[in-house]
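Quick note on numbering: the sequence shown equals residues 613 to 859 in the numbering used here.
In this text, a Cβ means the ideal position worked out from N, Cα and C, and glycines have one as well.
I have placed the structure first, in the form of structure tokens, so that the comments after it can refer back to it.
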Amino acid sequence: MEYLNTLYSGMMIPCFVLTAKTIVLNGSCRPAASRATPGIHRPQPLRDVPPVRAKIVVRATDDVISGSPPNERGDDSHFFNREVHVFRVGFGYDAHRLVEGRSLILGGVKIPHHLGLAGHSDADVLIHAMMDAILGALAKGDIGQHFPNTEPAYKDMDSMVLLERVMKWVHSDGYRINQLDTTIVAEKPGLSPFVEAMKQRLSKTLAIRMDQISIKATTTEEMGFCGRQEGIAAYAIVSLVAESVSS
Ligand SMILES: [Zn+2]
């Protein structure tokens with residue numbers, strides 16, 4: 613990594629979970645003035661810096677990393693013919709009121725509880741936060757724009773079906789989910805017994821392994837609307853990776 617740091621000093625290089633496989637990235641990088649190494653890249657405003665296109669080859673084992681610059685690997689001109697956003701990141705948040713007479717559905721799993729979440733669809737607050745995170749990563753607006761709560765077709769809709777639609781946009785834009793991290797904020801009920809079942813359902817729709825999905829649950833120690841059991845909130849952050857990047 614030291615070699616790559618020297619070689620590509622000043623460029624923004626995305627971080628990867630390194631495995632024993634070869635990772636080949638074809639794309640464009642833009643020098644980050646704020647990270648430039650003194651003496652190698654003079655700091656300058658980012659807007660004045662033209663994009664630098666680079667091929668980055670990383671061969672990684674658990675503890676050995678080496679790289680080769682493009683100019684040592686022959687003619688790489690065919691790698692420079694298109695712009696690729698290697699990574700995208702999105703953040704999502706949602707909250708719904710807890711009411712009587714509704715089912716509590718989180719992550720596509722029905723949770724036994726005397727209260728459920730109110731909403732136009734099934735009010736699966738976790739999936740809604742995930743969808744907003746994914747839409748954010750794609751820069752495609754939010755779920756309110758795509759699935760308005762005034763549309764009768766979405767009345768009591770299974771949010772997993774809506775997530776499937778969002779995933780089609782992920783794939784049609786040339787991406788796949790890299791990782792998803794979420795937090796559900798609920799004073800009650802305790803959710804840890806249901807997390808594995810949520811991951812199982814979500815991994816199928818998201819087309820990723822269960823170990824790429826994180827679902828955490830927390831309380832607010834009786835503070836705020838979640839603490840008073842007036843509602844449940846969820847946060848989600850997702851990273852997408854270009855499908856052309858080897859996994
Ligand atoms: Zn919602």
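Have a look at the options and flag the residue whose alpha-carbon is nearest the alpha-carbon of residue i.
{"i": "K800", "options": "G713, H725 and G720", "result": "H725"}
{"i": "I789", "options": "A848, L803, T831 and D736", "result": "A848"}
{"i": "K856", "options": "F703, G786 and G704", "result": "Before going on, a small fix: residue 856 reads as Ser here, not Lys. Taking only the C-alpha atoms, the option nearest S856 is G786."}
{"i": "A829", "options": "R821, H783 and T795", "result": "T795"}
{"i": "S784", "options": "G713, Y705, F703 and V853", "result": "V853"}
{"i": "P764", "options": "L792, L750 and S733", "result": "S733"}
{"i": "I746", "options": "A809, E833 and Y705", "result": "Y705"}
{"i": "N761", "options": "R700, L750, A730 and E776", "result": "A730"}
{"i": "L750", "options": "V721, F703, G802 and E834", "result": "F703"}
In this structure, what does DSSP give as the bridge partners for residue i?
{"i": "D706", "result": "A846"}
{"i": "F699", "result": "V853"}
{"i": "S826", "result": "D793"}
{"i": "Y787", "result": "A854"}
{"i": "G756", "result": "G756 pairs with nothing; no bridge assigned."}
Just to confirm the assignment, what range does the alpha helix (DSSP H) spanning residue i have?
{"i": "L747", "result": "V737 to L750"}
{"i": "T817", "result": "V807 to L818"}
{"i": "G713", "result": "Looking at the DSSP string, G713 is not in any alpha helix (DSSP H), and its letter there is neither H nor E."}
Starting from residue i and walking both ways along the beta strand (DSSP E), at which residues does that stretch end?
{"i": "I717", "result": "L716 to L718"}
{"i": "K722", "result": "V721 to I723"}
Look up residue i in the DSSP assignment and say whether it is helix, strand or coil.
{"i": "G802", "result": "coil"}
{"i": "G728", "result": "strand"}
{"i": "K767", "result": "coil"}
{"i": "E776", "result": "helix"}
Can we say the segment 844-857 touches the segment 698-712, given the rule of at least three CB pairs closer than 8 Å?
-> yes
Does the count of Cβ pairs from the segment 815-825 and the segment 755-771 closer than 8 Å reach three?
-> no
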